[in-house]
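The structure under discussion appears below in the form of structure tokens.
Numbering (the working numbering), first residue to last: 12 to 281.
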């Protein structure tokens, strides 16, 4: 329908483009109508934010060599959350994500956690403006955990128009407990035949070593299957040339989260 006065609403259905035609008329041959300005006001249809990649993992990552032992690595930068770094680095997790808004709106984020055996999400961070967060999981329950990220365009929209999107991570393990170490030893002449079992409830064991009589030298332990790559591992080694008397065999084991389990056995060589 034609519009005959300023300030009227456009009755056309919502669309990306607008085309208009102006018809000027006069009731006097001596006066020519003139159009000085046309101003159109509109509002975009609000679209939901889009969440891309969502990553969560230990803040300090270590590369593994072929036998499973760690090489020193450089931790990924935590971005604007670096000032919140707690003292126990092995319990830190870094969360990073990518998100954008089709309307160019500013976004804010909320983060929730729940165990895989739980039903309700627990809010752990809100009003985040950056696309990363650093957590200390030292006091959190251990086990497989899920993370939910919610992105909202509320900073640039009123409550009744703001929209949200969410994404849930793959399960990840929170593990702050060391592997259990069990040792058995049997004397064979002046040698000891030692059998060890390593058992971690959550994370794979990746390294083990032993020492004799608290000496500074440590000896690497090889698992029976040749590679530390599971939560339950077994190993066997021989300590030879022990003089008669009391001796201590001390064993240490590491899991993937750098938790260290230790055990020792006291033996008498006759």
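Just so it is clear, CB atoms sit at the ideal spot from N, CA and C, and this is done for glycine as well.
**Asked** Which residues in the same chain as residue 178 place their Cβ atom closer than 6 Å to its Cβ, once the five residues preceding and following it in sequence are excluded?
**Response** 62, 65, 160
**Request:** Answer with buried or exposed for residue 267, where buried requires no fewer than 16 other C-beta atoms within 10 angstroms of its C-beta.
**Result:** buried
**Message:** Are the CB atoms of residue 207 and residue 223 within a distance shorter than 8 Å?
**Reply:** no
**Request:** Take every Cβ of the stretch 208-217, pair it with every Cβ of the stretch 232-241, and state whether three or more of those distances are shorter than 8 Å.
**Result:** yes
**Prompt:** How should residue 95 be labelled, buried or exposed, when 16 other C-beta atoms within 10 angstroms of its C-beta is the threshold for buried?
**Reply:** Note that residue 95 scores 43 on pLDDT, short of 50, meaning its location in the model is unreliable and no value can be drawn from it.
**Item:** Residue environment, residue 283, which counts as buried when at least 16 other CB atoms sit within 10 Å
**Value:** Within the shown structure, residues of the chain are numbered from 12 to 281, placing residue 283 beyond reach of any answer.
**Item:** Pick from 44, 116, 49 that is closest to residue 18, judged by C-alpha positions
**Value:** 49
**Request:** Please name the residue in 33, 260, 255, 212 whose C-alpha comes closest to that of residue 244.
**Result:** 212
**Request:** Given a cut-off of 8 Å, decide if residue 120 and residue 134 are closer than it, judged by their beta-carbon atoms.
**Result:** no
**Request:** Identify whether residue 98 lies in helix, strand or coil by the three-state DSSP scheme.
**Result:** Any reading at residue 98 needs caution, since the residue's pLDDT is 45, under 50, leaving its predicted position unreliable; the model's value is listed next. Note: residue 98 maps to coil in three-state DSSP.
**Item:** residue 104 vs residue 146 beta-carbon contact at 8 Å
**Value:** yes
**Message:** Can you look up residue 60 in the DSSP assignment and give me helix, strand or coil?
**Reply:** coil
**Segments of 3+ residues assigned as beta strand (DSSP E) that fall wholly inside the stretch 149-205** = 154-163, 175-179, 183-185, 191-199
**Prompt:** Using DSSP with H/G/I as helix, E/B as strand and the rest coil, what is residue 239?
**Reply:** coil
**Request:** Under 8 Å by Cβ, that's how I've got residue 263 and residue 220 pegged, so tell me the actual separation to the nearest angstrom.
**Result:** 6 Å
**Item:** Bounding residues of the beta strand (DSSP E) (the contiguous stretch that carries residue 138)
**Value:** 133-139
**Prompt:** Closest to residue 250 by CA distance: which of 24, 280, 52, 130 is it?
**Reply:** 280
**In DSSP terms, what residue 127 is bridged to** = Looking at the DSSP assignment, residue 127 forms no beta bridge with any residue, so it has no partner.
**Message:** Pop quiz: residue 247 and residue 205 are said to be a contact at Cβ under 8 Å. What is the actual Cβ separation, rounded to whole angstroms?
**Reply:** 7 Å
**Item:** Simplified DSSP assignment, three categories, for residue 218
**Value:** strand
**Backbone secondary structure at residue 111 - three-state DSSP** = strand
**Asked** What is the rounded straight-line gap between the Cα of residue 265 and the Cα of residue 240?
**Response** 12 Å
**Prompt:** In or out: residue 195 buried (at least 16 other Cβ within 10 Å) or exposed?
**Reply:** exposed
**Item:** Per-residue DSSP class, three states only, for residue 230
**Value:** strand
**Straight-line gap, residue 155 to residue 129 (C-alpha atoms, nearest Å)** = 10 Å
**Message:** Helix, strand or coil for residue 259? Go by DSSP, reduced to three states.
**Reply:** strand
**Asked** Do residue 37 and residue 43 have their C-beta atoms within less than 8 Å of each other?
**Response** yes
**Message:** So, under 8 Å CB-CB, residue 201 and residue 252 are touching, yes? Tell me the CB distance rounded to an integer number of Å.
**Reply:** 6 Å
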